[in-house]
Amino acid sequence: MIILYLGIITAVFIFEFYLKFINYRFIKTGSSKVQESFQGELSEEEVEKSRKYTSEKNGLDLFSEIVNFVFMIFLILIGFRVIEFISKGFSDNYILNGLLFFALYGLLSYLISLPFTLYSSFNIEERYGFNKKTPKLFLTDTAKSFILTILLGGLLLSGVLYLVYNVENWWIYFILGIVVLQFIIQIIYPKFIMPLFNKFSPIEDQELLDKIKILSEKSGYNVKKVFVMDASKRSKHSNAFITGLGKNKRIVLFDTLLEEMTSDEIVAVFAHEIGHFKKKHFLKNFFISLSFMVCFVLLMYYFIQSSFLYNTFDISEKYTVLVYSVILISSLFSFMNFLLSYLSRKFEFEADKYAVEVSDKRAFIDALKKLGKQNLSVLEPHDLYKKFYYSHPTISEREKEINNNDQIKK
Ligand SMILES: [Zn+2]
């Protein structure tokens, strides 16, 4: 049975690694071309820089995949059993023991991934001028996340452990708990957690503010809260997003975006974000993830009830089986990425369509191109890789789709 378990995990690893590898080779060897949208707009050096940056990032990613996989196999065969042994003898209370188990596992995983995080931020991102994080900021970020993880993670895990050990049909409460939690997170995340890491200030540019107001009225979408986030203290990559629920709903624009773009372009990006709301993408995503979660939790329930994993790996605690089952089920579910990425790209097209309906089409395309250039994502990815991993269509695909929609309208 160990063979079956390891076989599934290894097969999924090889598949994902293969996709990443062909994309890496595709870009590194120069097989991938500059996306149509950028052709004739970039110097040879700029293209070369993009190519080097992308292949260095992908190369590091490949290396970290291998290390993580070896680490995972080690945990599955030996590590988890040792951690279970240590935690079991910790106290008479299974919740405390379980928390210790997850803390040790979490700490080990963190340490394994740390060199990659550091190398990525302070070497690759640094050399290409993206990294703005100082070591001091990195340390305070880490300390804050650490405290949050211990407080919130500890609280949640205690709840999970209590349910799994004491309640017969715990899967029902588990699912209800996750649903409720999603709402709570939407409320506390923008209000209490994000401000721990970034400063949010209202937009000062009156011209931009007026344009946003006009757009809000036109779209019938009343946004009262538009904030600028000081993202530039960590990275030069730019972005915009919507977060929160109901009255707490807010649109956040990175300050990097404001620096680089004209007010019309920002308004167009803003319109894209509103498009996600108008087309009810958040609601759709909620139901999609809910249906996945129900399957996931039911499988988890099955594994914890059945003796399969206990016997196969010679373990005795429910929390250990919980981890073994999560690893297996995540592997089985990873193929769903095709579907999820596809849906996500579809939603992006829909939001784009909305954006050009209510704002300036030229400005929107220019904004997309600026984002692409600025983030050095101007090369065509490998097709299969894109299908599996890309949550956003490429800039060229987006531009083409916008123009196609235009043609249909006329
Ligand atoms: Zn979007």
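To convert, take the position in the sequence shown, counting from 1, and add 1; that gives my numbering. Using N, Cα and C, we set each Cβ at its ideal position, and we do this for glycine too. Since this is a predicted model, take the numbers as computed values, not measurements.
- 8 Å or more divides the Cβ of Arg128 from the Cβ of Leu380.
- In this structure, Pro203 and Phe228 form a Cβ contact; the two beta carbons are roughly 7 Å apart against a cut-off of 8 Å.
- In the displayed model, Met230 falls within a strand according to three-state DSSP.
- For the pair Ile275 and Glu266, the Cα-to-Cα distance works out to about 14 Å.
- Met262 is the residue among Asn167, Ile243, Met262 whose C-alpha sits nearest the C-alpha of Leu209.
- Around the CB of Gly247, fewer than 16 other CB atoms lie within 10 Å, so the residue is classed as exposed.
- Assignment of Asn240 by DSSP, reduced to helix, strand and coil, places it in the coil class.
- By the Cβ test, the stretch 61–71 is in contact with the stretch 105–121, since at least three Cβ pairs between them sit closer than 8 Å.
- Its chain contains Tyr190, Pro191, Arg251, Val253 as the residues whose beta carbon lies nearer than 7 Å to that of Thr244, once the 5 sequence neighbours on both sides are disregarded; these appear in chain order.
- Around ligand 1, the residues whose beta-carbon falls short of 6 Å from at least one of its heavy atoms are His273, His277, Glu349, Ala352, given in chain order.
- Ile252: member of the beta strand (DSSP E) spanning 251–255, first to last residue.
- Three or more pairs of CB atoms, one per stretch, sit closer than 8 Å, so the stretch 352–360 contacts the stretch 275–291.
- The DSSP assignment places no complete run of the beta strand (DSSP E) inside the stretch 278–304 (cut-off: 3 residues).
- DSSP places Phe117 in the uninterrupted alpha helix (DSSP H) bounded by 95–120.
- Sequence-distant partners of Ile113 (beyond 5 residues in either direction) whose C-beta falls short of 8 Å from its own C-beta, in its chain, are Val68, Asn69, Phe72.
- Taking the Cβ atoms as the reference, Phe27 lies roughly 30 Å from His282, outside the contact range of under 8 Å.
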